[in-house]
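Chains as they are written, first to last, in the working numbering: chain A, 14 to 328; chain B, 14 to 328.
Take a look at the structure:
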């Protein structure tokens, strides 16, 4: 049996069939243009999905259902997109619309949840039962896997893992509070901290790296730190302490088997992970009888969203 | 069918039978003295429990098992007390010891987890599915109920809900980190803040209340604030902001159906709860589509530990 996984992104919607081993088959995609009406997007997606199913002979006999990961505020219980920040979705009854045209079960979830489930089920987390996934990007997203199943909270509105205060009255956050984990550990925050440090040290080689790449991004401080730049190392070590403190919070709350990092920053590999492991080990709760949490990096990369959406049928 | 619930406290061990409606029947208790050897405590407890079972005719035919809530670091999977802070328990294989003498299933958990489960199953949380319980006492303890079941994390070491950083480089915590929720929202922290405020305002009526009661405790600032004392109100409002920020963190992580407060401070009733509800409503995540979390107060009080320990068999 296969399941269909669909990942709604900012510039395109991508889908594929996923088999029970988590392998992505027969991809399809549909472009999204700024200004597209939400209703048109969904109707188009249904049409394309239907053609795809017909073309490949996917139907009730061999297909468990269609899972869709969508950015924004998703009511997974009701099957409704409450709203999406960058796409024109408002109170969109997407599950009902799909089921009027396609005779298959349909489930939806938030895109970060879908990616987390994919990683847990078929990626870095496949050996584990209880897993936290943190996605370090523009913001900090995440997913909670308990006993191999996605935990979403009431109406699918939980797992806002970037929105815990780690610093009372700290940096302002897009959510309205001050001091959120996201305001310290996102790529956006790292870029801001990098720029501030560059202003403080005009001789830092971060300036050279900026000139070579044309911009400051989440890699600038890491690249310079690897070359021994002191100011850059300060930025990286501060970043590790912010990220580490948030991770330790999640260790203490969930004592998961593993915590998986995804998003661009996770690609810094051992240089970042070794620092994080050390930071967390030095501050972990309790004595030797407290089980250590494996700190891992995403394995599925950009496929995690599609594979995870399909995994809603493989839980 | 009934289950036996046993609550190990600092000065005594209390037990009872609990029926399927969550009613406590036929209590028993055993004193604990400072300096008692761990092995003697467990052997005594087994003896008393056995006599209790025999006397009341509780056996396999009518009893699901024996649940025990124990303070400290409990490996609930292995059935072992790793260590207890105030009782002489170290690597104590308590489940094995019970089962050698009594022919009933035995389960153990941390005492805060047990109390949370009791409250969730038969107390303030009985109508809800996903629940967070925060116990505000010497520290901040807690429990996580997911789909009506206790979530304990690897080897039962999760749900350390007082040990999340809410203030980077903040107040030192007994766990070794700085800025833990517990260091701001426990009764201990409130007492410290109250004393500091009293030093700052020699005219505060908190001094009178102290003189009447013989000491400063978790009620001092609340009593004075209710009488209109400005400095005391400042203490209370700061406390509400600390507690509120931690609660909002748990709202965003779990989006539970309810959050239940227990411990002495929770007895402040509507004066505290109304302030907390307002604080959280003003700062809650997302738009109107984010479901509100019910903020409730413990209903079972001191019985929650025993009833909760028995509830390990009613999940």
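Note that beta-carbon positions come from the ideal geometry of N, C-alpha and C, so glycine has one too.
Chain B contact residues for residue i, given Cβ-Cβ distances below 7 Å
i: residue 299 (chain A); result: 86 and 170
i: residue 164 (chain A); result: 159
i: residue 258 (chain A); result: 178 and 181
DSSP state of residue i mapped onto helix, strand, coil
i: residue 280 (chain A); result: helix
i: residue 151 (chain B); result: coil
i: residue 3 (chain A); result: Because chain A in this structure spans residues 14 to 328, residue 3 (chain A) falls outside the shown range and cannot be described.
i: residue 43 (chain B); result: strand
i: residue 74 (chain B); result: coil
i: residue 337 (chain B); result: Absent from the structure is residue 337 (chain B), since the part of chain B shown begins at 14 and ends at 328.
i: residue 104 (chain B); result: strand
i: residue 192 (chain B); result: coil
i: residue 291 (chain A); result: helix
i: residue 256 (chain A); result: helix
i: residue 266 (chain A); result: helix
i: residue 174 (chain B); result: coil
i: residue 121 (chain B); result: strand
i: residue 342 (chain A); result: Summary: the structure shown does not reach residue 342 (chain A), with chain A confined to residues 14 through 328, and so no result is reported for it.
i: residue 261 (chain B); result: helix
i: residue 156 (chain B); result: strand
i: residue 314 (chain B); result: helix
i: residue 169 (chain A); result: helix
Candidates the options, of which the one nearest residue i by Cα
i: residue 38 (chain A); options: A:327, A:319, A:287 and A:295; result: A:319
i: residue 213 (chain A); options: A:63, A:157, A:244 and A:112; result: A:244
i: residue 136 (chain B); options: B:290, B:302 and B:275; result: B:275
i: residue 290 (chain A); options: A:170, A:312 and A:264; result: A:264
i: residue 63 (chain B); options: B:127, B:220 and B:29; result: B:29
i: residue 249 (chain A); options: A:240, A:235 and A:261; result: A:235
i: residue 286 (chain A); options: A:50, A:257 and A:305; result: A:257
i: residue 86 (chain A); options: A:78, A:79, A:80 and A:95; result: A:95
i: residue 312 (chain A); options: A:138, A:110, A:90 and A:327; result: A:138
i: residue 280 (chain B); options: B:305, B:115, B:166 and B:314; result: B:314
i: residue 48 (chain A); options: A:224, A:98 and A:169; result: A:98
i: residue 269 (chain B); options: B:156, B:253 and B:223; result: B:156
i: residue 299 (chain A); options: B:82, B:324, B:169 and B:211; result: B:169
i: residue 118 (chain A); options: A:100, A:75 and A:200; result: A:75
i: residue 57 (chain A); options: A:31, A:88 and A:25; result: A:25
Extent of the continuous beta strand (DSSP E) to which residue i belongs
i: residue 213 (chain A); result: No beta strand (DSSP E) contains residue 213 (chain A), which is instead part of the alpha helix (DSSP H) from 200-213.
i: residue 275 (chain A); result: 271-275
i: residue 162 (chain A); result: 162-164
i: residue 320 (chain A); result: No beta strand (DSSP E) holds residue 320 (chain A); the alpha helix (DSSP H) holding it covers 317-324.
i: residue 86 (chain A); result: 86-88
i: residue 96 (chain B); result: 93-96
Extent of the continuous alpha helix (DSSP H) to which residue i belongs
i: residue 58 (chain A); result: 51-69
i: residue 127 (chain B); result: 124-135
i: residue 306 (chain B); result: Segment: none, residue 306 (chain B) is in no alpha helix (DSSP H) and carries neither H nor E.
i: residue 16 (chain B); result: It is not in any alpha helix (DSSP H) - residue 16 (chain B) instead sits in the beta strand (DSSP E) that spans 15-21.
Residues that residue i contacts on chain A, provided the C-beta gap is smaller than 7 Å
i: residue 174 (chain B); result: 266
i: residue 185 (chain B); result: Going along chain A, no residue has its Cβ under 7 Å from residue 185 (chain B), so there is no contact; the nearest lies around 13 Å.
i: residue 189 (chain B); result: 296
i: residue 126 (chain B); result: The premise fails here: residue 126 (chain B) is roughly 12 Å from chain A at the closest Cβ pair, so nothing lies under 7 Å.
i: residue 262 (chain B); result: 177 and 178
Under 9 Å by beta carbon: chain A residues contacting residue i
i: residue 269 (chain B); result: 166, 167 and 171
i: residue 8 (chain B); result: The question about residue 8 (chain B) has no answer, for chain B in this structure spans 14 to 328.
i: residue 143 (chain B); result: 164, 166, 167 and 171
Residue i: contacting residues in chain B (beta-carbon distance under 8 Å)
i: residue 213 (chain A); result: Those do not exist, as residue 213 (chain A) stays about 20 Å from chain B at its closest Cβ, beyond 8 Å.
Practice task
Just list the alpha helix (DSSP H) runs in the stretch 219-252 of chain A, keeping only unbroken ones of 4 residues or longer that don't cross its boundaries, in chain order.
Solution key: Listed in chain order, they are 219-226 and 233-239.
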